[in-house]
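Everything below concerns the one structure shown next.
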DNA sequence: CCCTAAACGAGACGGTACGTCATGTCTTCGT
DNA sequence: ACGAAGACATGACGTACCGTCTCGTTTAGGG
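Chains as they are written, first to last, in our numbering: chain X, 64 to 258; chain L, 64 to 258; chain Y, 64 to 258; chain D, 64 to 258.
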């Protein structure tokens, strides 16, 4: 802890093996059964190497998920706010249902971020905040273009669009499908659309 | 599990001590730091006694929470659906913020119910299903009375009312306050109220 | 460490398995290669059980050696002090050469008692002091019977009889054989025998 | 081992720093607490540099001790065998009691030489054999001069003179003082002096 | 007097063992 | 006879060193 390790000398092969192993194990056995020891064994790596670069198994999984999911961060902008929202919500649902990213993502948001405050911050930073920012940008553009009323509280709108997904996530219910998301988008937009 | 223990001979004093100890520990140190050993020590009870009647620390906490919170389950019915919803949502938020029930409740819904499928079922049964049923009953009464349109999908409505709370819960944001809940109720009702 | 464990509830079968395993491993692989983990695995016992009752692998080996060797502690008394000394020294040499007790005994006296002061004290108590006391008793009887001069310094005599064995032990030389011990006894007795 | 390093290019400053650090650490914390990593850190040297020139921490300490102690190897020859023996035994005791050389010397003879056969050989070569040879030379001269009987077994005599020191060393007893050594010399010489 | 091969410091790496903790089961003893 | 006390096997934790292995950087010798 005294000397932070030197990033330059880091062995990229080990890093990859660790991230891959952690996601594999999470998919195979579930998040609870993932252990630092198990990751080390699967990756052919020493435990020390894991602890040198990460603080906990949660931090490993977080990096693995960020690594695997960061391609899909963008919020589409076709000019049609309803279509874009629908596309974006669909993307989010897919992330949670993807066999590779779903389990670890749920574990991070539901389990780790309520056990480990430090990790919770990193999770917010890396997985949540940028998406919220993008959402707000897109919504403000829609306001500028007159598709959405100007004085609406975007925090509430965010909760209304994403709340149903998280509600069902927490209660272990099936996540919204295509039609269901359509209803959500329609209901909410109905309340905040111009004229 | 081989010999299901005899409920009649159960020592009520031990049961109380265990439930009380588990909530105290959870409040003091956080859910992650609660252990069966810790509960046993605090309650002055043998570990065996805990394992005889519960399957895990989660099951103990669940019973403790049910025990402590079941008074407030009822959905008000004043005839004014908006006021009743607001009151009910406020109740829910309070449960999550209460210093005694908040931490264990969040832990059960966010952590345990995604680690232990068996416990997840019990949590739904004891904490969630009855509330959903009551919600549905109240909503249907509102439909009968013509306050709400008849052909609305109540599952979606449920998600819309409770989603924002869960969304903020998962992301560790401040839960909705009185005004915020008012907005939610207004927005959603606006979409499903009889013209 | 807070609560010393309760001796009465101790599992004798585990204790035996641990002591046996430790001597076997020491004989097979040498003292340096004995580990607490190895003993636990061989004995089919948890590490915790070892740490509950002993402080280190050295303490385990000490008890095992004491257990295995305590039959041979007696100093013979036939009335002939030369013969008795020769018999006793032979016994000691045999202990150091015995395939079962030799390696651990050397390790305790040479290695552990110079690394771990606490253990050193126990080793002295259990393996050394009583033998020195018995030696002194026998010598005093020989003095009473007039076989040995009365004013000799018994500490020096002890060193003279046992010193050669330890000298050769430390320097990894062959231990004295029958004849060699005879010479030692003769030489030393020659200096302290009654006129 | 593949490419034996080039002695000529060796950095003498590093060598000195390593030897000094190893003795300092041994004196400060005891032999058991000396580690290659610790020596490297204290000496401001890389572990690789230590492993390039020595095989183990024991080998480092051995060289350090040889370096520090080799001045005092000589066996005095004043013509008076009793006085010379007393002087020599006193020198040996002093080596073992010296605050700088005592701990590492004991560790080498008692601990390492019974854990590491390769090192044991080097220890004998560098620390023991030459002294035994010198002892034998001096004794043979005494025989030539008629001070000691001709047919005595010098191996036994060696054991008799040095045995007491090693005996007390092994058992963690105070080493012989001036008077004590005098008694030893007198007793043993009494048995082998010309009539 | 530069050039180059080496030895060097730094320290990451795969390992092994450490000593501790909590789990869930099993045993003993006191009441 | 119950039940608290707690010993037990299991398995993961996070740490300390081991001895090996790159990395760039001195540094010393032979051309």
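Each residue gets a CB set at the ideal place from its N, CA and C atoms; glycine is no exception.
On a CA-only basis, which of the options is nearest residue i? Give me that one, please.
i, options, result
"residue 118(L)", "248(L), 105(L), 98(L), 238(L)", "98(L)"
"residue 231(X)", "165(L), 220(L), 237(L)", "220(L)"
"residue 227(X)", "178(X), 93(X), 171(X), 246(X)", "246(X)"
"residue 208(D)", "180(D), 144(D), 165(D)", "144(D)"
"residue 95(D)", "167(D), 108(D), 72(D), 82(D)", "167(D)"
"residue 191(X)", "120(X), 169(X), 205(X)", "169(X)"
"residue 244(D)", "78(Y), 156(Y), 199(Y), 222(Y)", "222(Y)"
"residue 195(Y)", "235(Y), 225(Y), 127(Y), 241(Y)", "225(Y)"
"residue 164(Y)", "73(Y), 90(Y), 187(Y)", "90(Y)"
"residue 162(Y)", "131(Y), 74(Y), 234(Y)", "131(Y)"
"residue 74(X)", "108(X), 102(X), 93(X)", "108(X)"
"residue 174(D)", "234(Y), 72(Y), 77(Y)", "234(Y)"
"residue 184(D)", "217(D), 229(D), 121(D)", "121(D)"
"residue 229(X)", "72(L), 204(L), 76(L), 172(L)", "172(L)"
"residue 80(Y)", "123(Y), 72(Y), 71(Y)", "123(Y)"
"residue 158(D)", "240(D), 77(D), 206(D), 203(D)", "240(D)"
"residue 236(X)", "204(X), 193(X), 253(X), 156(X)", "156(X)"
Looking at chain L, is there any beta carbon in it that lies within less than 9 Å of the beta carbon of residue i?
i, result
"residue 104(X)", "no"
"residue 247(X)", "yes"
"residue 191(X)", "yes"
Could you name the residues of the same chain whose beta carbon sits closer than 8 Å to that of residue i, not counting the 5 residues immediately before and after it, in chain order?
i, result
"residue 147(Y)", "138, 139, 140, 141, 201"
"residue 160(L)", "238"
"residue 255(L)", "211, 212, 215, 220"
"residue 64(D)", "For residue 64(D), the predicted structure reports a pLDDT of 41, less than 50, and the residue's modelled location is therefore unreliable. A value from the coordinates is still provided. Closer than 8 Å at the Cβ level, and outside the excluded window around residue 64(D), lies no residue."
"residue 78(L)", "116"
"residue 249(Y)", "145"
With a threshold of 9 Å between beta-carbons, can residue i be considered close to chain X, or not?
i, result
"residue 157(L)", "no"
"residue 169(L)", "yes"
"residue 132(L)", "no"
"residue 162(L)", "no"
"residue 101(L)", "no"
"residue 139(L)", "no"
"residue 149(L)", "no"
So with Cβ pairs under 9 Å, would you call residue i a contact of chain Y?
i, result
"residue 176(D)", "yes"
"residue 205(D)", "no"
"residue 223(D)", "yes"
"residue 262(D)", "The structure shown does not extend to residue 262(D), since chain D spans only 64 to 258, so no value can be given for it."
"residue 235(D)", "yes"
"residue 154(D)", "no"
If I measure Cβ to Cβ from residue i and keep anything under 6 Å in the same chain, skipping five residues before and after, which residues do I get?
i, result
"residue 151(X)", "138"
"residue 93(Y)", "none"
"residue 106(L)", "80, 81, 84"
According to DSSP, simplified to helix, strand and coil, what is residue i?
i, result
"residue 64(X)", "Note on residue 64(X): pLDDT 40, under 50, position unreliable in the model; the coordinate value appears next. Coil."
"residue 256(Y)", "strand"
Residues in its own chain within less than 7 Å of residue i by CB, not counting five upstream and five downstream?
i, result
"residue 69(Y)", "none"
"residue 66(L)", "Low local confidence applies: a pLDDT of 45 at residue 66(L) is under 50, so the model's placement there is unreliable, with the coordinate-based value given in what follows. Contacts found: none."
"residue 189(L)", "125, 129"
"residue 110(L)", "99, 100, 103"
"residue 149(L)", "244, 245, 248"
Is there a C-beta anywhere in chain D that falls below 9 Å from the one on residue i?
i, result
"residue 214(Y)", "no"
"residue 64(Y)", "Legend: pLDDT at residue 64(Y) = 38, less than 50; position of this residue unreliable, value from coordinates given subsequently. Not an interface residue."
"residue 173(Y)", "yes"
"residue 240(Y)", "no"
"residue 228(Y)", "yes"
Decide if the segment 167-187 of chain X is in contact with the segment 76-89 of chain L; the criterion is three or more beta carbon pairs, one per stretch, under 8 Å apart.
no
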